[in-house]
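Here's the structure we're looking at; comments come further down.
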Amino acid sequence: MTTEQSLLHRSNTQCELCSAKDNLSVYSLPPESQDTVEQSILVCETCHAQITQISPLIEDHWRCLNDSMWSTVPAVQVMAWRLLKALSSASWAQDLLDMLYFEPEMQAWAESDSIQALADESATKTIDNNGTQLLAGDTVTLIKDLDVKGAGFTAKRGTVVKNITLTDNPLHIEGRVNGVRIVLVADFLKKVS
Ligand SMILES: [Zn+2]
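Here the sequence shown stands for residues 22 to 214, numbered as in the numbering used here.
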């Protein structure tokens with residue numbers, strides 16, 4: 022039997038992390054990445070993209086570890102441990118991690134590689150209409166006329182706004198237009214410098 026056939030059998034033809042049944046493939050755990058049954062797990066496309074860090078880790082998806090961390094397959098346990106470690110800023114993940122006790126040899130294997138908790142940076146960066154990141158102090162221009170509610174004027178397209186500041190909302194910046202400090206939608210702006 023090939024590794025894939027063995028894993029299909031072992032897993033009952035489902036993702037060993039989240040139990041999905043479609044688009045399954047073999048994932049060999051780094052750092053060795055040996056294509057052996059012992060060092061590999063069968064995963065779905067969604068899990069694969071996140072454990073190989075093509076996609077950022079989606080916290081909700083990994084609630085599935087609540088079940089799969091109790092797998093009898095060491096490679097699945099090790100993968101669950103690495104994922105929980107990467108997600109451990111979330112209290113539920115840290116709680117599960119605390120419950121997962123390994124013998125020293127397994128612990129060493131688990132710790133021999135790690136998954137970076139890639140935050141979804143696009144969600145926290147402030148991006149202008151061109152996709153350029155905006156930072157405090159930047160100068161931007163308006164790419165459309167904007168009615169400034171409450172201030173009684175329209176900020177014209179092409180208006181230059183210097184020395185912007187960021188806000189708690191990554192979609193908004195603050196800047197001074199006609200002497201009035203207003204909140205502007207980052208998507209209506211273009212960075213000048
Ligand atoms: Zn999966």
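For each residue, glycine too, the CB sits at the ideal point set by N, CA and C.
DSSP three-state label for residue i, please.
i, result
"Arg-197", "strand"
"Lys-106", "helix"
"Gln-137", "coil"
"Leu-156", "coil"
For residue i, which beta-bridge partners are listed by DSSP?
i, result
"Thr-186", "Glu-195"
"Phe-174", "Val-169"
"Val-213", "Partner(s): none; Val-213 has no beta bridge."
"Gln-60", "In the DSSP output, where bridge partners are listed per residue, Gln-60 has none listed."
"Thr-162", "Val-181 and Lys-211"
How is the beta strand (DSSP E) around residue i delimited, first residue to last?
i, result
"Ala-41", "Unbroken run through Ala-41: none, as it is neither H nor E."
"Thr-145", "That residue, Thr-145, is in no beta strand (DSSP E); it is neither H nor E in DSSP."
Between residue i and chain D, is the shortest Cβ-Cβ distance under 8 Å, so that the two count as touching?
i, result
"Gly-179", "Absence of chain D from the displayed structure is noted, only one protein chain being present."
Where do the N-terminal and C-terminal ends of the alpha helix (DSSP H) with residue i fall, by residue?
i, result
"Leu-50", "Element bounds for Leu-50: n/a, residue is neither H nor E."
"Thr-24", "24 to 32"
"Gln-128", "125 to 132"
Practice task
State whether the segment 101 to 108 contacts the segment 149 to 158, with contact taken as three or more CB pairs (one from each stretch) at a distance under 8 Å.
Solution key: The segment 101 to 108 vs the segment 149 to 158: no contact.
Problem - Inter-stretch contact at 8 Å, needing at least 3 Cβ pairs: the segment 55 to 63 / the segment 79 to 88 - result: no
Handout entry: Complete beta strand (DSSP E) runs within the segment 64 to 121 (minimum length 3 residues, chain order)
Key = Those beta strand (DSSP E) runs which fall completely within the segment 64 to 121 and span 3+ residues do not exist here.
Exercise for the section: Evaluate contact between the segment 87 to 102 and the segment 125 to 135, counting only Cβ atoms and requiring at least three cross-stretch pairs below 8 Å. Expected result: yes
Handout entry: Cβ contact (3+ pairs, closer than 8 Å) linking the segment 114 to 129 and the segment 37 to 50
Key = no
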